[in-house]
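This note's numbering numbers the first residue of the sequence shown as 7 and each following residue consecutively. We treat Cβ as the ideally placed atom computed from N, Cα and C, and that holds for glycine. Values in this document were obtained by computation on a predicted structure and should not be read as measured data.
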Amino acid sequence: MSSKAGVPPKGRGRGRGRGRGRGQGQHSIRPGTESSSTKSQSPSQRPGSHQQQPSLSNTAPVQRQTPTTVPPSQLGPPVTIPPKQQPVPPTTVPPQNQKTQAKSTLPRTGPQQERPSLATPQTPPNLVSTSTHPEATSMLKCTAAPTKTTQRSPQTGASSSFPAASTGLPPSQGPNNHGKKQPPDRPEFGTKGRQIMVRANFVPVQLPRHLTIHQYDVSIAPPSKYPKWMCRKIFESMKAQYSESVFQGQKCAFDGNKNIYCHKILTSVGDKKLQLQVELHIEGDSNPRTFSVTLQKVNSMHIDTGRIESILRDATEQMPLIQALDIIMRHLPSLKMEPIGRSFFSQPAHPYNLGQGVEVWPGYYQSLRPTMGWKFKLNLDTSSTAFYTEQSVVDFMCTLLRVGRDATRDLTEEDKQKFTIRELTDSDRKRLDRDIKGLKIEVTHLPYPRKYKVLSVTRSSAENQTFPLDNGTTSTVAKYFREHKSIILKYPHLPCLHVGQKSRNVYIPLELCKLVGGQRCTRKMNEIQTANMIKAVTKPADVREREINEKFRDSGIAKDPILKDFGITVSDRMVTIPARVLDSPSLKYNGKQTVKPPGDKGAWEMRGEKFYQGATVNGYAVLVLSKFVKDFEVDKFTSMLEKAGRERGMTFNGRKIVKFHNPFGRGAASIETIFTELKTQVNLIVAIIDKGGTLYSEVKLIGDTTEAGVATQCVLSNTVQRKCNPATLGNICLKINPKLGGVNNIIDPFSRPPIFRTDRVIVFGADVTHPKAGDTTTPSIAAVVASMDLTASKFKGKHHVQKHRQEIIAELKKMTKELLIDFYRANGKIKPSCIIFYRDGVSEGQFDQVRINEIAAIQQACTELGSGYEPKITFIVCQKRHHTRLFPVDRKDAGKGNNVPPGTIVEKEITHSNEFDFYLCSHAAIQGTSRPCHYHVLWDDNNFTSDDLQILSYQLCHTFWRCNRSVSYPAPAYYAHRAAAHARVLYQANEDRWSSDGGSMASGSVDMDTMDKDITIHIDRSGDMYFM
């Protein structure tokens, strides 16, 4: 309101030096695609091209002059590596691959062939010449900057022993050339493992022999950004009013936005625009509203399902078809339930309370997917998300601000009195503002319903918040309601909600507002809510399977009249498919015997075994940063820690130092001072901290990025006081040992896939961490790790800050080069001849960008390290964010929680028709239904057989050293995830200092280089697995 309140209008800081060394018209939301191409520069034109590059070669191309025998202690049975052949000239037909493997009629890139490239030789590194989306172009441009030379670490700089290498990529030959956009074809199916049958949560979809779909554009006036629910109401009203005259009695599907799909042409529309007047009564309006809806035909698809393979192979034909079919199948559920993404929700009769005004709504997920045999299947799953309950805003505030209580219990008058008898503190007001901003509220003082969107919580109370009146004077909100509405506020000392439009002064007292129920909770839930959510949605596999079937029947998809009009039929039974269960690998510790995890457990005990390589603790300190921990508790903890470490092969030398320190009010500088004093006396600091707060990030920042840096292990005070038992201390040792350079275990060399006996293998993992939901400015952080030994067990990590929510890794070439050099130096100047790269966090829609940018960056990194240095690359995306679930057909095949057993492989029926992908469930779910990891091979110079790559991936799931369990995806990708999360902790610890130094994160005045420098791991810590 411009002149009235409550009446609708008419119609942390640090300043220490750390000595780091280095640094719209009509309603339309139709997505569009633009193309742009990056310009090529010659190497001489590229900035910084004069700088000498590190090299993995002497100036000649890589050749093995004499056979090399790999040490049996590391790689199992000795196998002689033949000399590498010279690259095949472009005019020569490449020789056939003589490597023994499963037969395949599909063309593959042989290991003896010259490696195909994704970029032309003339394109400078990190600037791939290609037409792509503008966003992808900006990604390419942001990687074009020259690699900065720093004094940070000898691993990152050029060495005099590494002469400058030629730039540009090798010539492209073979089937996987740079112009081909599809990933490599699938080799023959695997055969290893025990055969079982499983059900997958997919149902077959049958299209008619001839299918016609007509697409019409929809525009609604008066123009506005109408929500989808309103657009659907307008469409349904239009369809009812013009059922026969326009729609000819047929059923049509609407996407809630811009597109209508019909199986018969709308003759009244023809090739011109048709404008229709549609009346709709909207809740809260006294009279119906009239909308002008314009229809225009934009496309017709005539599908002969006899040639479905050629259609699905062509992306230009595939995407419109899948989009149309998906919208047709989602139309009916969207009318019956609340659609969110690909899921549908409806309010249950008895929702599960998560606490703080939030509850769980169950729903179901559906997605149409082309699968093996070029057949469509509908992926179905249960889904749950959090919604706000309808409640008064005062109750919401009190529930939100409760601390130290059970958040799920009912709000009492005592709770309300605590937060309503006084003004809110500034921190409480900010908390309320953060959680209620953007939500819809309904005012309760008007005789009719009126809803607003919350802009903010006012800094002033209702008795102090002023606004201008129509007569030119001002009034406080409390005074206005008392004089104009005859309402005496009960809580005039509480703030108001600023609602509506920013340009208008509409302020409503908290006590006159209620939160509209059924709004999705998009903010990050707290620990109590998260724990309650897990408890609410976690179900054993057999229960989840039953619920999926029930949700599917309730949805009515199988009997959908719209599908019937189009001639589409949907089965009512999940597909049953063959699967295989791989044997678990044998693990090598320091004894003569190996440990083989039980096949159905997914976990193992060390049984008195010692670490493969125990670390040495040359003195350690215990820094007690909790005021609740006593001397005798520390003594008991350290005694049990040393005992657990020695039992596992660790050596404790030197002294033990215990320091009690109260950091509160002194700042992080006081902790750094202690670290500086201790660094010369110990190589490990165990910090005992309380749960929550910023101490964890401060300890990690000082320990990992400063000159005072030393290996750190944080332990919660509750663990020291109440969970000080051998099992807990053993788990802590699993983390400490690799931080100090130890090796917990390795895969038994005799059970490794053949590639480890014929090649020098380096295994990479990569991931990108993004800021939390709602954050629009904070950068993303990319992390890459790589194995540093010939057993692919010990890893080293790198990370870089990059643009907000950018998934493509901008500095991949730089990090890859640095890690390849580190491997070279760590293994006696042995060059890796094979790169296996596991990439986490990439969706199917980003595969092309990954091939264009990231795989090319790896190739460029190798090329820049030496003329002719061309290791064979296999690049695998591992995906966990999907809705595929597997259920054993026979109960005797079931593992814990009636899940499929660890090692279950599925590569038929629900996988891609011709590309190399598979599902592997490598872990035993601790609770609920296990989710398999989906592996998709985007590049394969090594010509892996299905068996070899599946076995390798499963084995790597057993080498995640933080636990004695097989994990859900390979350790390299998991370590990359850990490294990225660790970098995020360092970033958060720096935010207060950046702000106090005059920078503004929101304005972007803190540049990426400064951020990178401030979270770079110090040289003293970068060689070990600090991210454990």
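Go ahead and pull the three-state DSSP assignment for Ser839.
-> What you label residue 839 is simply residue 833 of the sequence shown in a count that begins at 1. Correct three-state label for Ser839: coil.
I think Tyr222 touches Lys279, with their Cβ atoms under 8 Å apart; what is that distance to the nearest whole Å?
-> Within the sequence shown, the letter at position 216 stands for residue 222. Within the sequence shown, the letter at position 273 stands for residue 279. With a Cβ gap of about 10 Å, Tyr222 and Lys279 do not count as contacting.
Given Cys739, which residues of its chain have a CB within under 7 Å of its CB, disregarding the five upstream and five downstream residues?
-> Translated into positions along the sequence shown, residue 739 becomes position 733. Result list for Cys739: Ala650, Gly651, Arg654 and Met656, in chain order.
Three-state secondary structure (DSSP) of Leu690 | Numbered from 1 along the sequence shown, position 684 holds the residue referred to as residue 690. Leu690: strand per DSSP, three-state reduction.
Residues bridged to Asp696 [DSSP beta-bridge criterion] = Taking the sequence shown and counting its residues from 1, the one referred to as residue 696 is at position 690. Answer is none; Asp696 lacks a bridge partner.
Beta-carbon spacing of Gln254, Leu282 below 9 Å = Along the sequence shown, one-based indexing puts residue 254 at 248. Along the sequence shown, one-based indexing puts residue 282 at 276. Not in contact: Gln254 and Leu282 (Cβ atoms no closer than 9 Å).
Limits of the unbroken alpha helix (DSSP H) element including Gln961 = If you number the sequence shown from 1, residue 961 lands on position 955. Residues Ser952 to Leu962.
Taking the C-alpha atoms as reference points, what is the distance between Asp1018 and Lys616?
-> For this step, residue 1018 is matched to residue 1012 along the sequence shown. For this step, residue 616 is matched to residue 610 along the sequence shown. For Asp1018 and Lys616, the distance between alpha carbons rounds to 38 Å.
Using three-state DSSP, classify Asp1015 as helix, strand or coil.
-> Start at 1 with the first residue of the sequence shown, and residue 1015 comes out as number 1009. Helix, per DSSP.
Can you say whether Pro77 is buried or exposed, counting buried as having 16 or more other CB atoms within 10 angstroms of its CB?
-> On the sequence shown, position 71 is the one that residue 77 refers to. Any reading at Pro77 must be qualified, since the residue scores a pLDDT of 41, below 50, and its modelled position is unreliable; no value is offered.
Cα-Cα, which of Gln372, Ala468, Ala392 and Lys607 is closest to Ser561?
-> On the sequence shown, residue 561 is found 555 positions in, with the first residue counted as 1. Nearest C-alpha to Ser561: Gln372.
Specify whether the stretch 878-889 and the stretch 834-852 touch according to this definition: at least 3 beta carbon pairs, one from each stretch, less than 8 Å apart.
-> yes
Neighbour-count burial assignment, Trp367, 16 or more Cβ in a 10 Å radius = Locating residue 367 in the sequence shown gives position 361, counting from the first residue. Buried is the call here.
Counting only runs that start and end within the stretch 218-276, where is the alpha helix (DSSP H) found for 4 or more residues in a row?
-> Fully enclosed alpha helix (DSSP H) runs of 4 or longer: 234-247.
Can you give, in chain order, each stretch of the alpha helix (DSSP H) that sits fully within the stretch 545-610 and has at least 4 residues?
-> Entirely contained in the stretch 545-610, the alpha helix (DSSP H) runs reaching 4 residues are, in chain order, 547-561 and 567-572.
Whole-number beta carbon distance between His964 and Pro744, since they are thought to touch under 8 Å | The residue you call residue 744 lines up with position 738 of the sequence shown. The residue you call residue 964 lines up with position 958 of the sequence shown. Actually they are not in contact, since the Cβ atoms of Pro744 and His964 sit about 15 Å apart, beyond 8 Å.
Mark Pro938 as exposed unless 16 or more other C-beta atoms lie within 10 angstroms of its C-beta, in which case mark it buried.
-> Within the sequence shown, residue 938 is the residue found at index 932, counting from 1. Buried, by the Cβ-count rule.
Note the first and the last residue of the continuous beta strand (DSSP E) segment covering Thr464.
-> The residue given as residue 464 occupies position 458 in the sequence shown. Segment Lys457 to Ser467, the beta strand (DSSP E) holding Thr464.
How about Met378 and Ser919: do their beta carbons lie closer than 9 Å?
-> In the sequence shown, residue 378 corresponds to position 372, counting from 1. In the sequence shown, residue 919 corresponds to position 913, counting from 1. Yes.
Please report the residue range of the beta strand (DSSP E) in which Ala832 lies.
-> As a first step, residue 832 must be located in the sequence shown, where it is residue number 826. From DSSP, Ala832 is part of no beta strand (DSSP E) but of the alpha helix (DSSP H) over Leu818 to Ala832.
Other residues of its chain near Ile694: CB distance less than 6 Å, five sequence neighbours each side excluded | Here residue 694 refers to the residue found at position 688 of the sequence shown. Taken in chain order, the residues that qualify are Val630, Ser632, Val635, Val721, Ser723 and Val726.
Boundaries (first-last residue) of the alpha helix (DSSP H) holding Glu813 | Numbered from 1 along the sequence shown, position 807 holds the residue referred to as residue 813. Here Glu813 belongs to no alpha helix (DSSP H), and DSSP marks it neither H nor E.
Thinking C-alpha only, which one of Ile219, Val769 and Ile864 is nearest Leu955?
-> On the sequence shown, position 949 is the one that residue 955 refers to. Checked all of Ile219, Val769 and Ile864; the closest Cα to Leu955 is Val769.
For Cys868, count neighbouring Cβ atoms within 10 angstroms of its own Cβ and tell me buried if that reaches 16, exposed if not.
-> Here residue 868 corresponds to residue number 862 of the sequence shown, with the count starting at 1. Around the beta carbon of Cys868, 16 or more other beta carbons sit within 10 angstroms, so the residue counts as buried.
Inter-residue spacing [alpha-carbon to alpha-carbon] between Val252 and Val275 = As a working note, residue 252 is residue 246 in the sequence shown. As a working note, residue 275 is residue 269 in the sequence shown. Approximately 8 Å between the Cα atoms of the pair.
Three-state class that DSSP yields for Ile768 in the structure shown | For the purposes of this step, residue 768 is taken as the residue at position 762 of the sequence shown. Ile768 falls in the strand class under three-state DSSP.
From which residue to which residue does the beta strand (DSSP E) around Glu913 run?
-> Locating residue 913 in the sequence shown gives position 907, counting from the first residue. Neither: Glu913 is in no beta strand (DSSP E) and is coded neither H nor E.
Verify whether the separation of the beta carbon atoms of Ser398 and Lys491 is less than 9 Å.
-> The residue given as residue 398 occupies position 392 in the sequence shown. The residue given as residue 491 occupies position 485 in the sequence shown. Not closer than 9 Å, so no.
What are the partner residues of Gln372, as DSSP defines its beta bridges?
-> One-based indexing of the sequence shown puts residue 372 at position 366. Its beta-bridge partners are Leu386.
Would you mind reading off the limits of the alpha helix (DSSP H) that contains Cys969?
-> Taking the first residue of the sequence shown as position 1, residue 969 is located at position 963. Here Cys969 belongs to no alpha helix (DSSP H), and DSSP marks it neither H nor E.
Can you list, in chain order, the residues of its chain whose CB lies under 6 Å from that of His776, leaving out five sequence neighbours each side?
-> Taking the sequence shown and counting its residues from 1, one reaches residue 776 at position 770. Cβ within range, chain order: Ser786 and Arg811.
Give the secondary structure of Trp1000 by DSSP, where H, G and I count as helix, E and B as strand, and everything else as coil.
-> Residue numbering aside, residue 1000 sits at position 994 when the sequence shown is read from its first letter. The answer is helix: DSSP assigns Trp1000 an H, G or I state.
So Val209 and Lys383 are in contact, right, with Cβ under 8 Å, and what is the actual spacing, rounded?
-> Here residue 209 refers to the residue found at position 203 when the sequence shown is read from its first residue. Here residue 383 refers to the residue found at position 377 when the sequence shown is read from its first residue. About 6 Å separates the two Cβ atoms, so the contact holds.
Check whether Ala330 and Ile219 have beta carbons under 9 Å apart | Mapped onto the sequence shown, residue 330 falls at position 324. Mapped onto the sequence shown, residue 219 falls at position 213. The answer is yes: Cβ separation under 9 Å.
Alpha helix (DSSP H) containing Cys404: first to last residue?
-> Residue numbering aside, residue 404 sits at position 398 when the sequence shown is read from its first letter. That run of the alpha helix (DSSP H) goes Val399 to Leu407.
Can you say whether Pro591 is buried or exposed, counting buried as having 16 or more other CB atoms within 10 angstroms of its CB?
-> Position 585 of the sequence shown, counted from the start, is the residue given in the question as residue 591. That one is buried.
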